[in-house]
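Numbering (the working numbering), first residue to last: 1483 to 1674.
For each residue, glycine too, the CB sits at the ideal point set by N, CA and C.
Worksheet: one structure, shown below.
Take a look at the structure:
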C-alpha cells in the first residue's frame, strides 16, 4: 500500500523545497510518495521569514504550519513532517489530527541516535540556538544522553554560502564532540 508523506518547510521561502525533495526521493521507500511544501507555496512569500532562527519567527509561522498539518490529514497523507530541527509546533500539531502521524527532525534523530550509541552531540549553527534545542532534549527525556552542543558560528542563511567551508566546520566540531565530549553519535541541528 502506497504511503504519502508531507514534508513542511515552516518558512516563507521556497528555496529549499527542491533540494529537500531530491534528498527524500533518494532515501524513501519505493512505495512512498513524498511531497515537499513551504508556507510560501500556499500562503505567499510574505507569510513568514526565510528561517526560524528566532522564537518570534517560530510564533509567526505556527498557525500556518498547523494549517498545513491539518491539510495533510484532510488530503489523505499518512504522515506530516515539520521540517525544522527546533520541532516547532510538534506537540500542537499532534493534538489537532486524529488519523496521521506527525513528527519532526530533532525528536526523530534523537530517537535513532539512542539506538546507535550511548551519548550524542548536536552540531548547531550559532550558540544562540542551544537553549531552545536543549529545552527539547530535556523534554524528550534525553539530557543525560547529550554529550554536547557544538556551534560552528553560522546562521541558517550562511550554511550554503560556502558549502566546502561549512563542511569543514561541521567535521571539525564533530571530531571535537567525539574526542573531547565523548559523543558516539553526531546530529546536525538544522535541516537546511
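Just so you know, the alpha carbons of residue 1575 and residue 1631 end up roughly 27 angstroms apart. Close CB contacts of residue 1572 within its chain, under the 8 angstroms cut and outside five residues either way in sequence, are with 1564, 1584, 1585, 1586, 1589 (chain order). Taking a C-beta distance under 9 angstroms as the contact criterion, residue 1596 and residue 1669 do not qualify as a contact pair. Around the Cβ of residue 1504, a 10 Å sphere holds fewer than 16 other Cβ atoms; the residue is exposed. Contact annotation: residue 1558 and residue 1607 have beta-carbon atoms that are not nearer than 9 angstroms. Shown here, residue 1673 sits in coil according to DSSP, grouped into three states, outside any helix or strand.
For the 9 angstroms CB-CB criterion, residue 1566 and residue 1613 do not form a contact.
Here residue 1490 is buried. Its C-beta has 16 or more other C-beta atoms within 10 Å.
The three-state secondary structure of residue 1666, taken from DSSP, is coil.
The closest CA to that of residue 1664, considering only 1547, 1604, 1519, is found on 1604.
In this structure, residue 1562 and residue 1488 form a Cβ contact; the two beta carbons are roughly 5 angstroms apart against a cut-off of 8 angstroms. Your pair residue 1535 and residue 1484 does not check out as a contact, with CB atoms roughly 36 angstroms apart and the cut at 8 angstroms.
Proximity to residue 1543 across 1600, 1666, 1526 peaks at 1526, based on C-alpha coordinates. One thing to note: residue 1666 has its Cβ within 9 angstroms of the Cβ of residue 1598. The C-beta distance from residue 1615 to residue 1568 rounds to 7 angstroms, short enough to meet the 8 angstroms contact threshold. Distance between residue 1518 and residue 1545, taken at the CA atoms: about 18 angstroms. Within a 10 Å sphere around the beta-carbon of residue 1520 sit 16 or more other beta-carbons, which makes this residue buried. In this structure, the beta-carbon distance from residue 1502 to residue 1648 does not fall below 9 angstroms.
Here the C-alpha atom of residue 1662 lies approximately 9 angstroms from the C-alpha atom of residue 1629.
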